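Visitor:
The structure is reproduced here in structure tokens:
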């Protein structure tokens, strides 16, 4: 069985195609057979103007058409496609989603922030032992999702309109910062969580730069030192010195700023990184749908619109 996840975020569009090796029990096993990331930065348009502009709209539709061809080429059984923060706020978000369906045959779901946090958690729920309490934070382009995980369940979870693209463009709002800080200080920290895990492309790249041992965390000192080194550099200098892509070189600093703030407040000396995120949580969701009998491998596959087999109604 082959499954796919399309994550349409504020900084990029991502396609993950996996081959399921084992789908029984609590720990399904799969291997990635394709992963593509296209830097369609919808957030720059939406957070500054309130809508997706004509040029990015065209770029996005061409990207989705390409993803659609790949879904057919890889003979994917089922795909879950989700749009997050940028399209949640875009005045023309519904029109964009209709255009993706019409032009690419992909039924894109516009998910809420809380649903996004839930899907991210699904990719990480095996991290904590029965008595462990850990904080999981995913910093995206337009939003930040933060959860408290205890054992195999999320006991607190919230999404905030604070993301790396939004911070870069200085379109973050004071009341969102206040809500984020109040949640961390007033609701999260009283549980005295023992560990901090980071998720998302920016923190993945930070770990690539710092290169801790496999499965090892990075210390606050290491992260803060890297932040101080990156901060005075221009994006072009960061790209040249650290080998970063242009669309990563500018947003990595505001993302790291958010992680460091939480570490300071909670006195976390270390940050762990799972290399997992929303797209992996979407694969888990597809497997859960399969276990519940919502579809069968290869069900309904054919040359017609992908929406016949890709739309699984999981959005809130």
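Residue numbers (our numbering): 1 to 316.
For every residue, glycine included, the Cβ atom is placed at its ideal position computed from N, Cα and C.
Note that this is a predicted model, so its numbers are computed, not measured.
1. Can you list the beta strand (DSSP E) stretches of 3 or more residues lying completely in the region 214 to 298, in chain order?
2. Hey, out of 57, 78 and 20, whose CA is closest to residue 295's CA?
3. Can you say whether residue 143 is buried or exposed, counting buried as having 16 or more other CB atoms within 10 angstroms of its CB?
4. How big is the Cα-Cα spacing for residue 226 and residue 209?
5. By the three-class DSSP mapping on this structure, what secondary structure does residue 175 have?
6. Quick check: the Cα distance between residue 171 and residue 1, rounded to an integer number of angstroms?
7. Name the residue from 189, 236 and 163 whose alpha carbon lies nearest to the alpha carbon of residue 12.
8. Give the C-beta separation of residue 34 and residue 60 to the nearest angstrom, bearing in mind that I take them to be a contact with Cβ-Cβ under 8 Å.
9. For the region 81 to 90 and the region 38 to 55, state whether three or more C-beta atom pairs, one from each stretch, are separated by less than 8 Å.
10. Could you have a look at residue 78 and say whether DSSP puts it in helix, strand or coil?
11. Could you tell me the distance, in whole angstroms, from the CA atom of residue 97 to the CA atom of residue 267?
12. Within the same chain, show all residues whose beta-carbon is closer than 7 Å to that of residue 212, passing over the 5 residues directly before and after it, in chain order.
13. By the three-class DSSP mapping on this structure, what secondary structure does residue 97 have?
14. Could you check the C-alpha separation between residue 197 and residue 269 for me, to the nearest Å?
15. From this set, 177, 119 and 149, which residue's C-alpha is nearest residue 284's C-alpha?
16. Pop quiz: residue 148 and residue 191 are said to be a contact at Cβ under 8 Å. What is the actual Cβ separation, rounded to whole angstroms?
17. What whole-angstrom Cβ distance do residue 205 and residue 230 have, given they're in contact under 8 Å?
18. In angstroms, rounded to a whole number, what distance separates the CA positions of residue 41 and residue 64?
19. Any idea what DSSP makes of residue 203, helix, strand or coil?
20. Counting pairs of beta carbons, one from the region 253 to 268 and one from the region 132 to 142, are three or more of them closer than 8 Å?
21. Which of the three DSSP states, helix, strand or coil, is assigned to residue 22?
22. Can you name, in chain order, every residue of its own chain whose Cβ lies under 6 Å from the Cβ of residue 100, other than the five neighbours on each side?
23. Round the Cβ separation of residue 10 and residue 165 to the nearest angstrom and send it over; I've been treating them as touching at under 8 Å.
24. Counting C-beta neighbours from all protein chains within 10 Å, is the total for residue 126 16 or more, i.e. buried, or is it exposed?
25. Take the Cβ of residue 146 as the centre, count every other Cβ of all protein chains shown within 10 Å, and call the residue buried at 16 or more, exposed below.
Guide: According to the data block:
1. 270 to 273
2. Closest option to residue 295, judged by alpha-carbon separation, among 57, 78 and 20: 78.
3. With at least 16 other beta carbons inside 10 angstroms of its own, residue 143 counts as buried.
4. 9 Å
5. Helix at residue 175.
6. 42 Å
7. Closest in C-alpha terms to residue 12, from the list 189, 236 and 163, comes 163.
8. That belief does not hold up - the Cβ atoms of residue 34 and residue 60 are roughly 19 Å apart, past 8 Å.
9. The region 81 to 90 makes contact with the region 38 to 55: 3 or more CB pairs, one atom from each, lie closer than 8 Å.
10. strand
11. 42 Å
12. 218
13. helix
14. 12 Å
15. 119
16. 6 Å
17. Incorrect: roughly 11 Å between the Cβ atoms, too far for contact.
18. 14 Å
19. helix
20. At 8 Å Cβ cutoff, the stretches touch.
21. strand
22. Cβ-Cβ distances below 6 Å link residue 100 to 64, 106 and 108 in the same chain, with the five nearest sequence neighbours on each side left out; the list follows chain order.
23. 5 Å
24. Around the C-beta of residue 126, fewer than 16 other C-beta atoms lie within 10 Å, and the residue is accordingly described as exposed.
25. buried
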